[in-house]
Structures are given as C-alpha cells and as structure tokens.
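Engineer: Once you've had a glance at the structure underneath, I'll fire off some questions.
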Amino acid sequence: MMVWAVAMAMAQPQDETIVLKEGLQITVPGNGRTPVAVDPVIAGMIDRKTPSEATGWRRVEAAADGWFRGNGYVFATVPSDREQIMLLEATGTSQTWVNEEPRAGDPYGYGYLSLPVRLKAGTNEFYFQVGRGQMRASLIKPPAPVSFDTRDATLPDVVTGAPASDAWAGVVIRNAQDEWGEGVEVTAEHGGQSRTTKVPHLWPLGVRKVPVNVPRPKDADGKVVLTLRKGGEVLHRAELNLRVVKPEEARRVTFISRIDQSVQYYGYLPASDPKATSVILSPHGASVEALGQAQAYGAKPWAHVVAPTNRRPYGFDWEEIGRLDLLEVRDLALEIPGVNPDEVYISGHSMGGHGSWINGALFPFEFAGVGPCAGWASFFTYGGGRRWDATDPMGALLNRVSQIHDTMLFKDNLRINPVYVLHGDADETVPVSEARNMRKALEGHPALGFHEEAGQGHWYDTDPAPGANCLDHAPMWDFLRANALNRPDDYTLTTIDPSINGNFGWITVHQQAEPYQPSTITVAKGEATTANITLISLDLGETMKVDGQALTSGHWRRDGAGQWQRLDEVPTDERSAVRGGRFKDVFYHRPTVVNLDRDQRDYAFQIARFWAETFYYRGNGDLNVMFDGDDSDVNPIYIGGPDFESESFAAAANSETEMRIGSDPLPGAGAGLSIAPVPGEPDRLQALVSYTDRAGALTMARLPIWTPGAAFPDVFVVGPEMLRDGISGVRAAAILDSQYRLDPKMTVVNTPKAYVAPFWFQEPPMDGDLSHESWQLSPWTDDFVDIEGDKRPAPRFRTRAKMGWSESGLWIGAEMEEPHVWGTLTEHDSVIFYDNDFEVFIDPDDDALNYGELELNALNTTWDLLLPRPYREGGPAVDSWEIKGLRTAVKINGTLNDPSDEDEGWSCTIHIPWRSLKEISKVAVPPQPGDRWRINFSRVQWQLLVENGKYRKVPDTKEDNWVWSPQGVVDMHQPEMWGYLEFAR
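At position 727 of the sequence shown (counting the first as 1) the number is 756 in the numbering used here, and the numbers step up by one without a gap.
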C-alpha cells in the first residue's frame, strides 16, 4: 500500500531555503514490477483535481527532523512573489512533479539529487511520490547559473607507485538556466598537470553527469581542481579528492561504458600472485557499493576479484542494464594480464546472488562456475514480479514478455557448469527456501555443491581468514575449481530472447518461431535437436547433425517444411542475436533523443529530460540528445505528439484524440511506445515515444520505464484510464515478428468500440420498431459481448444496437434476441436491472463526471439517474435526476410473460432531447459533426425457470452482463472503457 501526502511550504522570504513542513495523506495500492502503472493521484492531476481533506485526505505534519514518515506522495504548494529558479532537493522520493512537469526522484535517499526548477509567480504545485518510508524536501538558491555538484562523482582511485596515466571521472553539472548549455568545457588539474574535456549538451533546468578526463601523475596526491568554463568565462569551480591506495588494496577502476558513453567503475582486488589466471566476478547486494563488495574478499593467489556496479547500489537487480554492466565488466576483466577467459567464476551475495543465478543461467559458456550466496531465484519468487491472469489475452501477452525474468525457465543451462549454493539457514532477509528450491530444481546436476551455515543470517563472517565467509567461502572455491570445464557431453540449452542469450559458442540462435517463448537446443550423442528456432549460425569444426540434417558452419534458416536452408548472411533488418525488439532494448546502445526543438519546452522535452535525469539517478547513466549531425552509432529515440511523422513505427498518435496500432485507430487520449530497426544497421534500434495530448503525455511520464522487471513489449499503448483501472487501460500491446511486423496472433487490442451516427433529416415514430426508413440509415453495432470481454464465454443471445441524431435529440435503438420475454417492474425509477433490461450510459464531455444512465425493461418501465462520479470514487447515484422530454417504446416479438411459447425477442427505441443533455455536458449540445462522446450499452439477463406457469429467476445464480464495449471487469461505471459515439452529417 502507498500513502499519499499533501504538504504546504511554510511562508518564507524568497531566495532563502524553503522547507516543506505540513501536509495531507491518503493511502493507495502500489504496483510491483509491471509496465502497468496504477496511480489515482496522478489520474486526479490529469483531471485537474486538487487534493483536499474533502476528498479523503488527512492532515499531517513533518517530524522535528523534517521528515514525512510513511510511503506515498507529498503534494506541496509553494508560493512565490516572482518567477525564479531554485534547486529542488527532495530525498526519499520516487518521482516528482513540478507544476505538472515530471522530474526524477531520489527513492533510495542518497541525498545528492539537486534539480533546477522554475517557480512561477503565484502558487506552485509539487507532487512527490514516496516509496521507501520517508521523505523531505527543500528549495535552495543555486550557487551559480551553471555549477558542479560533486556529491555524486564517479571517481578513479590513485595507486601509489603506478605509472602516470589519465583516467575518467563522472561529474554532475547543474544547469539552472532555461536554455541549453552549449560550448561548455571542464578543466581538471591534478599534480601539476591538466586536461580539458568538452561537455555535451546540458539540459535546460536540468542535470547531466558528464565524463571528465583527469590526469594521474605518478605518486600525486588525491586533490583535483575542476574549473567549468564557457568561452573563457569561469562559470564555477570545485574540488575532488581521489582515494589513494596501495598496490595490493581494493580499488575503483573507471571506464567509458559502451552502453551509453557514461563513466562507470568496477571494484578490483588484485590477486596476491601476479601470475593468477582466474577472475571472480562478484555482483553485490542491494545498497552495497562495488568497492565494498571487492573489499569483502581476501586476496587470492589464483584469482582477481572484479566487482561490477549494476550501475548503482540498487541499480537494475543485475538484469536489463545491470546485466549489460556485468557483461561489460567481465570483458574488461579479461584484459587483466594473464587472465584465462575460461576461468571466470560468477559469485555474488544477496541481490548479487540473484545476479549469479540468472546470469549464470543465461550465459553458461561465459563462466566456469556459478556460486550464488544468500541469493534469491527471480522476481517471481522474491523480488516483486507480477503475473497477470493468463486467461486474459492482454495479461497473457504481458506474462510472455516477462518470461525473460524467470530463472526457472532456463535453469537447465546451469547444468553446463558446476554450481555451489551458499546460504545461512537463519537468513531473515532472503529466506533459505530460495536456496533449497533452486537446489531441488537442479536435482541430478553432475556437479552441485550446497552449504547452509547453521544459525547464521544474511551476512556473517565466522571465519578468521581474510574475507567474509558468507560469500568468500573456501570450500566453495575448491569445489568450483575442481569441477570447472568438466562439461557434460549431453545437455539442453534454453533461450527466451536470442538478443539476450542467443550465443552459445558453437551455435548462435537468431530467430524464434514464437518470440519470447522458450527455445531449446538439446544435444545428445553428438547430435542436436532444436525447438522454436528458425534462424541459426553454426561455428563447427566438422559436420553436425541438427534436427536430422547434416549441417556445417554458416548461417541456416528453417523453411516452411522444417528443413534448414543455407543463407549467405543474417538479414540486417530482422531480429538477430545482436538486436532484439522489446521497447527497453533501445536504451542498451547509446540511446539518443534526436528530434527535440531547441526552443520548445513542450511535453516531448519534459519527457526526455525526465527520462534522462531518472536514468542518471537510477543507472548512473546518460541519455544523450542530438540536434544535428549524423552519428550512425546511436539508437535514435523520437518523442512527439500527433504531428510527428511516424510511418516506420507500429504505434503512434494519429491526432489529439486518437492513437493507432498499425493502421487501426485507437480512439481516445493515449500514450504509445513502439520499436523498429534502423534500416541497414544490423545491431541498432529506433523507438517512438508518442502521445496524443496533455493527458497522454502525463500518462507517458508515469510509465515505469526504469523499473527493472517491468517488462514492456515491443509495442505498448495505454490510455489515461490505466492510472485508475490498471490493465484494462492498456489499449494495445504487441510482440513484433522476426521482420518487425505486426502479427495478429501476437497483437492484443483492448480498446473501446467506436460508432459513427448519421444525421436524420426525418424522425421515425416512437414505437420500438427499428424497421422504419431512418433507422435503416444507421448501421448495427457489433454484437454485444460479455462485460469482461474475451475472458468470459460469448453471450447466449444476440444483442445489438444502432444510433442516429436529429435536430431534436439523440436516437438509440436496440434489438435483443430473447426466447422468453419477461418483465415485472412497472414503477418508474425502480431498480430496473432486477429484471432483464437494456441500459444506456452517456458522458458527452468524456470526463467520467456527471454522466447519465438510463435503464428500461420489456414493460417499457424506465430508471434514469445521474452519476456525479463513478461509484469507485464515492459517487452516489442521483435518482431524482430526470431526462427531461425522454421518450421510449418497446416492441415485443412474441408474447410477454407467457412461458407457454417461445419468443423471438424484443426491441426498444429511445429519444433523448438535447436540452436534457445540456445539464450534464460542458461541450457543445447539440453536437457538431465530428464531435465524439462517450457511450456504452449493457444488457442484464437473468436465468429463468418456469414455476406454476410463471417465470421465476433460477435461485443462487448471478445475472449475465452483456455489453457493446467490454469493461474488462463487472462494472459498467468505468467510463474510460465505454465506446465512442461520433456524430456525422
């Protein structure tokens, strides 16, 4: 559960520190690791609803130390007597909104996130999401328009006696100006030497961590002086203090990452013998720095200890970008003189134990042994993963995309290498059941070691030898080394996404028949059998039988008959082992926003800046921006509204009121993510981030792009209703095929229906008969379906409707197949759905507020009511509301309340005058051609039996609810799921 708070800043003189001290709170549910974000507070912000005690919030005060306690959001109003720029320093926040602009949060409470923000003259609104128990926030005056912030510097260490060399540092620069910072450079002075580095574009009112080249003269001290300049003008100065270590001590080694050109580091403890040939690659636990991880080991004569960062102490749980960081550091470790690439062992603790499990399973030929210590298996066993209802097509697709995070699906890859499982049997942080379950899953493994330290918890050091034996366990190293490279002749390999782990040395998997489903290679008696694999590359010394065919080295594609046919090369515009298709994959190789307007601070800019500073915070990373030039080695990201040319992408905004998937419209405000290959480039992707309008853009900014384990498919389109209703607000999602095309079998569209109503110049009589000429001008709707959609059986009886409009009002007709027409209620404003009925729900201004409902039965008895807001938001029904001038009629095609025969059904006609709809509408009434309203229809149908010659409901049975536009849940009061009525003339 989450708690939301509203805080007001105490009135203080401008330009001084402003501290939040008072607030309101409310509790709402959290989300877990899923791309579906439920956030009723931001939904309210989109609807321009200001939090208040009248809507269920409660007033609180910050503690004496300034902290608001409890999870949730803080909403703050800060008055300012003029426009000014301040630095927002909010600690403990997951995400921040400043006057509706999305900004990064500091969820782990590091305290070094300092964001320039603009205060407008008057009242400024701040929303802070809080996820880890407490938050505090203040606004301070910037020290300079452009300034260093050295609190989060990524620094190399200085090794005494080492030869002179340059090294990279990562330093944060704040730009407290509403213009791009360009032409800026940093000079680093150290030990009498200096280096100057050009700074990339600085985000307006933003922060960017930039690479700085630092000289390291031999035996220099740690003091480095930084000077920030533009055109010779000094903008700011700062000092860094590099750590000085002895040659035998653990140290930080920095490098430029191939992922995003940012500065990263790894912890390194040299082997005690320079002739060592092995590497222990050690992923750390949550909240642990990589340097501290390396320091937890004793130096070994046979192995160097190398500890990657996961990009941050929490980072990405050693998945996604954390996985790429681990592999990048593994490659760097191979550059240590004398290291044998076949002698790399992966062994980490806690979250790093999970990193050992999943990466040891993904990459069996990259490691000589796997040693998870106090590790958890997967997000689905410990880390908050979410599985959706698999009977729901949308849920099934999202589950399929998330399978890459399920270690159990490729656990058999672990049988290639020795595995040693280490855990304290009294661990209260990661239960020992995680280790025991994995041990059970690997029963029959030829080299499986296991040790539970009796009476010990999560972290312990009960051995006097150097190193903490909760991860530096001598028997584990003896076991792994003794069994390394003794691989079985017969084995099974599994990949779920070849772009992640398709390369298994002698065979590389490029494509699958069904993307993101398990694909296997089973080797037995020197022959291989494959499943769900359609394109491979082989690197063989001789011929090998694969699926019964004798194949040699080269590229092979499976034809329609299941036979392997040779290819000259892997197609450059298709999926392969070096290019995937999930949306997040665009961030894995130099992600660059390429279409921003320098002079605009529109939603595209706001989303790009928010993602950039969030990637900086969560991944120590850099989302680049490019205005001109042709850098062929980036993954371009386009962000924009409906005016952006988007033919290359499967989903985009068509207009301010419509998204699309393929060529099919998705009516309503929305936000979409879509991936595509860069033509002619075999390893590059491009992405489109699209939105319709304000509501779509704010919804986009709430998607958990940087949450590890939130598995986004290749194409993902949501409406603002997702923030209230969850998965039913996902309009469409798709997994693209191997040629990056939409495939109906892998595309789920979950969108409201749409109907175009013609204008009638001649009005029909009001008699319940739909055969008159005017009614013939209007098409039928689709047949009604179950209210929950495809997850439920189709209705037993057919229902359909049609609409038209005239000078006087809106016309609605419905036809209901019914073998036994029945009705009992005769009093107006009875609860009509106690009978079989037909229902109309209408919201002209599509704001989910003040909408009308009409119900009628086969006796033509009506119930009209007004909903100021949906029931889920505490909206009481106003039964006294009347549709002024309403006319209805019913025609029975058979007999009413007569069980002795079988009827065909009944139909009804409804006329709602425009004057009655003006009461519930803020839009034009009568409507104009092209206007769109929200509308839906429902039919309630009870199961009947005959008793003493009369109909009676079958006891203990629920009613059926059949609707035009499915709701996803049994609740018609989800206006965002209603269909669209467009008026044509």
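By construction, the Cβ of each residue, glycine as well, lies at the ideal position given by its N, Cα and C atoms.
Between the alpha carbons of L854 and P995, how many angstroms are there, rounded?
Structural biologist: 27 angstroms
Engineer: Distance check for K613 and D135, CA to CA, integer angstroms please.
Structural biologist: 22 angstroms
Engineer: Roughly how many whole angstroms lie between the Cα atoms of V615 and I562?
Structural biologist: Roughly 24 angstroms between the two C-alpha positions.
Engineer: Relative to the alpha-carbon of V1079, which residue among N530, A205, T226 has its alpha-carbon at the smallest distance?
Structural biologist: Lying outside 30 to 1014, the shown extent of the chain, residue 1079 is not represented and no answer is given.
Engineer: Tell me the rounded alpha-carbon separation between F678 and M688.
Structural biologist: 12 angstroms
Engineer: By the DSSP assignment, the beta strand (DSSP E) with V127 in it spans what residues?
Structural biologist: 122 to 127
Engineer: Do you know whose CA, among D371, V292, L514, P527, lies nearest A305's CA?
Structural biologist: D371
Engineer: Would you say the stretch 506 to 524 touches the stretch 543 to 562, given that touching needs at least three Cβ pairs under 8 angstroms?
Structural biologist: yes
Engineer: Have a look at the DSSP bridge pairing and note the partners of G842.
Structural biologist: Note: G842 sits in a beta bridge opposite K831, T938.
Engineer: Starting from the Cα of G381, find the closest Cα among G210, L355, A362 and give me that residue.
Structural biologist: L355
Engineer: Note down the Cα distance separating F639 from D657, rounded to an integer number of angstroms.
Structural biologist: 22 angstroms
Engineer: Select from M573, G398, A390 the residue whose C-alpha is nearest the C-alpha of N532.
Structural biologist: Comparing alpha carbon positions, the residue from M573, G398, A390 closest to N532 is A390.
Engineer: Buried or exposed: where does F439 fall if 16 or more other Cβ atoms within 10 Å of its Cβ makes it buried?
Structural biologist: buried
Engineer: Counting only runs of 4+ residues fully inside the stretch 726 to 775, write out the alpha helix (DSSP H) ranges in chain order.
Structural biologist: Counting whole runs of 4 or more residues, the stretch 726 to 775 contains the alpha helix (DSSP H) stretches 751 to 754.
Engineer: Grouping DSSP H, G and I as helix and E and B as strand, with all else coil, what is H539?
Structural biologist: Of the three classes helix, strand and coil, the one that applies to H539 here is strand, per DSSP.
Engineer: When the distance is taken between beta carbons, is V814 closer than 8 angstroms to V992?
Structural biologist: yes
Engineer: Quick one: complete beta strand (DSSP E) runs, 3+ long, within the stretch 272 to 359?
Structural biologist: Taking only runs of at least 3 residues, the beta strand (DSSP E) segments lying wholly in the stretch 272 to 359 are 280 to 285, 292 to 298, 307 to 310, 332 to 336.
Engineer: Can you grab the Cα-Cα spacing for the pair E902 / D985, in whole Å?
Structural biologist: 29 angstroms
Engineer: According to DSSP, simplified to helix, strand and coil, what is A83?
Structural biologist: helix
Engineer: Can you check DSSP and say which residues form a bridge with V243?
Structural biologist: Under DSSP, V243 takes part in a beta bridge, and its partners are A196.
Engineer: In terms of residue numbering, what span does the alpha helix (DSSP H) encompassing T643 cover?
Structural biologist: 632 to 648
Engineer: Do the stretch 441 to 458 and the stretch 395 to 403 touch if we need at least three Cβ pairs shorter than 8 angstroms?
Structural biologist: yes
Engineer: Do the stretch 734 to 751 and the stretch 638 to 652 meet, that is, are 3 or more Cβ pairs less than 8 angstroms apart?
Structural biologist: With the cut-off at 8 angstroms, the stretch 734 to 751 and the stretch 638 to 652 touch.
Engineer: Within 10 angstroms of the Cβ of G473, are there 16 or more other Cβ atoms? Answer buried if so, exposed if not.
Structural biologist: exposed
Engineer: To the nearest angstrom, how far is the alpha carbon of E277 from that of D346?
Structural biologist: 30 angstroms
Engineer: Give every residue of the same chain whose Cβ lies closer than 6 angstroms to the Cβ of A217, excluding the five residues on either side of it in the sequence, and list them in chain order.
Structural biologist: R224, V241, V243, V253, L255
Engineer: Using CA coordinates, which residue listed in I565, T283, E817, W1007 is at the minimum distance from P600?
Structural biologist: I565
Engineer: Sort Q324, I365, Y617, G384 by Cα distance to Y343 and report the nearest one.
Structural biologist: G384
Engineer: Between the Cα of V236 and those of V127, G210, E1011, spot the shortest distance and give me the residue it belongs to.
Structural biologist: G210
Engineer: So, using beta-carbon positions, are L116 and A205 closer together than 8 angstroms?
Structural biologist: Result yes, Cβ atoms of L116 and A205 sit closer than 8 angstroms.
Engineer: Which of helix, strand or coil does DSSP assign to K238?
Structural biologist: strand
Engineer: Check this for me: beta carbons of A332 and A300, under 8 angstroms apart or not?
Structural biologist: yes
Engineer: Smallest Cα separation from V461: which of R723, N512, W405, P787?
Structural biologist: W405
Engineer: Output yes or no for whether 8 angstroms exceeds the beta carbon distance between R77 and G121.
Structural biologist: no
Engineer: Taking 6 angstroms as the limit between beta carbons, can you name the residues of its chain near T890, skipping five residues before and five after?
Structural biologist: L854, T855
Engineer: Helix, strand or coil, according to DSSP, for A38 in the structure here?
Structural biologist: The predicted model places A38 with a pLDDT of 44, which falls under 50 and marks its position as unreliable, so this point remains unresolved.
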